[in-house]
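Residue numbers (our numbering): 35 to 976.
Okay, here's the thing in structure tokens:
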């Protein structure tokens, strides 16, 4: 592809699907319901593209636990405000979306930790951190029992004959009788454990309940006779358990091993390690005959019941991704290195994932040579390097087989590079020990398979590579490395702000000093050689990209434009363009010849550590601290086609209009361009004149004396009332007035406005409403629409579908002054001003609204420094902001990092200067003094 890149767009991504909490099977065993912070991800195990989300990702509430009612196909979700929401689960999500069926407040005083249904699905038990279990009858929609316990509830299970067993954090087990009319609710207490009860299991077709605990034991209890049948040791801190269809007990815990036990004797039948980390939960689905295990690293593992083999692995959440690399001829697989010891191997089509164990610390870099895309080299914080071979087991699945290991670095191995030619293949590595090492790969084809013991360290079992050359590369940590297309030079960059060149003797496999490139003012983040020219690109923490001439060892070009440290850079389009990524998650595309930025994309929400491209440069892959892997596609050609099509349609419409006008067919031409926003019929009856507030808002009182002479008075536009009863004004539908009601003539003695803007009749304005302002808008709707409809004679409604307030002039009015005033009034309220303050924009002509960001004043503020700046503006109990408002006769709203100020022009300037001084770090007492002097000077003038 030779056409320059103008724009890229995300085509697919790997997002978080599980961030901790509960995971449930669906009734048919084909879907999983996983908790992901404030939403539930529905993972379709048969068709990954059919997965969907339940809930609102913008919701500020956090999910604490979930439960699936398999009898009614409903999902219950508990939030941290003790509210439960019930959602319907669609049978076909492509045609039907999940809907919120009902919501109820549980009256718990602490977060709900446990949700469990009984076998019939008509009773629900909720266990909370407030030591209380509540039993709910879902048919009658009422709470039937409130059961107070000794400590935090950790597990609940319904027994036979309307019994309920509750396990607590301190190890107690309580048996309750929840039968209607039972004389005594609390029947018995079992003190068989001295630690956290992690699971309670009802043995099928019996009255026996099994309790599992972190004290490495399990206890078996009879709920009818209230006996403790036996307490058996399991020799492991148990986190969860499940009973299979064969009646045996399966447990998981801190060892990462699934174990099968005979319940009566606690005899261990079989065990299998499935994770290097602790396993937090295991559940069994009878329909699909599979287990679901959830590891402490938020990975979901599907196991076959018969063999306990891993059928599928789903990475719930990438905490931080350091490197990505495409593998195979068709680039059908992608290796991912992150802050876990496993390498994640993704299928790029289905996004199925496998966890490859080998390293013992975080994997920092994964690379593959162009001459053999089935080879992979990885390095880690455990100071080791492993060479892998991609082995395809089927059309859609593959695995990585370890071949060789390399040890020798004394500290973290930070980056790798493999030669571009297979004639004399070699591997180069750099480390935090400030060295560069060269490893020959000539004997790679002679390596034999090695039997691997999963219980032992992998690096110790593999044949070792021999280091042929070692040199001290930099004075500080070395961050990056790259090899030239001819394999003659190696470039490295370090925290000592230098880029260094190294010559390679491929016959002797020795390194030599090639030169030093200096000029960066901060540590170097990445270096890349150009394929078709003698150029080298480097990026740095000084927010610049430099293009170097390798032959002359001089800087050809310095590209600036990033607002923070640049971490990654690559060449594109025959070395005519650059793609760079920075620590704020911004991706930029540059044309080298002109140093112009062609496009800026907000790709991630945090640092981008990995930026790579496929062979034909049609796609780019980015990953970073936010745990997302995003695949970007060059959409320059598609965008150009869309723009050309729009331009063609516009020309055709203009030509059609011109033809109709030339024929004199005005009716047809006007109907062809009719109003796109028809107002709804049936305007509710207006309020009486006496309902208009008699006193003016405080901001109007403060500014009325400073109003310029000749300013318009607040006019009441009389309207004829429609006969009949008044209709309640509701937020959902405020439509246009009757056609018969027209504004009355202005009285002769009334002063006229000096300047009145004119526009098209029936002109239309829109104010978007963010989600957090829906409730305030609904509560103040009457106070908002009354002055707009009654006093300004305009039409207003709230469009529920588009979530916006729409205002329009009557069909017979051309002046837009009142329309602009009303729009400013509504916009001020949406920004956060009180109605009584915002209405001053209608009443007075000399008031203005100004908005600026804290970063506009001091762009270097980040993180906690921004919070402290906001705190200085507000002051203790809001006193500083109140002093500024009263002194300058303005109103101030602090919304996140944005500052909104409402007031007269001169007052705006004074308030803005005071706020800016506080942001820049001025002492509030100094700002008070300046305001006091200003107030006294103003009083003297008066």
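The beta-carbon is built from N, C-alpha and C at its ideal position, and this holds for glycine as well.
Quantities reported herein were computed from a predicted structural model and do not represent experimental measurements.
The alpha helix (DSSP H) enclosing residue i, as first and last residue numbers
i	result
residue 485	Counting along the chain, residue 485 falls outside any alpha helix (DSSP H), and DSSP gives it neither H nor E.
residue 981	The requested residue 981 does not occur in the structure, where the chain is confined to residues 35 to 976.
residue 919	913-922
residue 876	874-877
residue 889	888-891
Residue i, DSSP secondary structure in three states
i	result
residue 901	helix
residue 721	Its pLDDT being 30, under 50, residue 721 is placed unreliably in this model, and the value from its coordinates should be taken loosely. It is coil, neither helix nor strand.
residue 859	helix
residue 556	coil
residue 810	helix
residue 564	coil
residue 405	coil
residue 153	coil
residue 931	coil
residue 533	strand
residue 570	strand
residue 821	helix
residue 674	helix
residue 478	helix
residue 679	helix
residue 621	strand
residue 414	strand
residue 380	strand
residue 49	coil
Cutoff 8 Å; reference residue i; Cβ partners in own chain excluding five residues on either side
i	result
residue 887	931, 932, 933
residue 875	855, 858, 859, 862, 881, 883, 936
residue 240	194
residue 100	55, 56, 58, 67, 69, 74, 109, 110, 111, 112, 149
residue 398	356, 357, 371, 413, 414, 415, 446, 447, 448, 449
residue 811	765, 803, 818, 832, 839, 863, 864
Rounded C-alpha distance that separates residue i from residue j
i	j	result
residue 961	residue 935	17 Å
residue 640	residue 364	30 Å
residue 717	residue 819	Bear in mind that a pLDDT of 29 at residue 717, under 50, signals an unreliable position, so the number given afterwards is only what the model happens to contain. If you take the alpha carbons of residue 717 and residue 819, they lie about 12 Å apart.
residue 2	residue 690	In the structure as shown, the chain begins at 35 and stops at 976. Residue 2 is therefore absent and cannot be evaluated.
residue 682	residue 692	15 Å
residue 798	residue 843	7 Å
residue 498	residue 642	33 Å
residue 337	residue 903	52 Å
residue 174	residue 159	15 Å
residue 879	residue 942	14 Å
residue 478	residue 379	22 Å
residue 187	residue 638	39 Å
residue 309	residue 451	30 Å
residue 760	residue 598	Residue placement at residue 760 is flagged as unreliable, the pLDDT there being 33, under the threshold of 50; a coordinate-derived value is accordingly withheld.
residue 439	residue 500	9 Å
Integer Cβ distance of residue i from residue j, believed to fall under 8 Å
i	j	result
residue 111	residue 91	Their Cβ separation, rounded to whole angstroms, is 14 Å, which puts residue 111 and residue 91 out of contact at 8 Å.
residue 297	residue 232	Not a contact, Cβ separation roughly 17 Å.
residue 314	residue 274	7 Å
residue 424	residue 339	That pair is no contact at about 29 Å.
residue 528	residue 572	Residue 528 to residue 572, Cβ: 11 Å. No contact.
residue 565	residue 519	5 Å
7 Å Cβ shell around residue i - same chain, five flanking residues per side excluded
i	result
residue 487	495
residue 39	606, 607, 611, 623, 632, 668, 670
residue 543	460, 472, 474, 502, 503
residue 506	468, 469
residue 919	925, 926
Chain D contact for residue i (CB, 7 Å cutoff)
i	result
residue 895	In the displayed structure, chain D is absent; only one protein chain is listed.
Beta strand (DSSP E) segment containing residue i, residue limits
i	result
residue 803	From DSSP, residue 803 is part of no beta strand (DSSP E); its letter is neither H nor E.
residue 492	Note, residue 492: premise wrong, no beta strand (DSSP E); alpha helix (DSSP H) at 492-495.
residue 654	653-658
residue 468	Neither: residue 468 is in no beta strand (DSSP E) and is coded neither H nor E.
Cβ-based neighbour list, residue i, same chain, cut-off 6 Å, excluding 5 preceding and 5 following
i	result
residue 654	647, 666
residue 287	270, 271, 272, 273
residue 948	918, 961
residue 822	828, 830, 856
Near the ligand MG: residue i beta-carbon under 6 Å from a heavy atom
i	result
residue 517	As presented, the structure is devoid of all ligands, the ligand MG included, so that no description of it is given.
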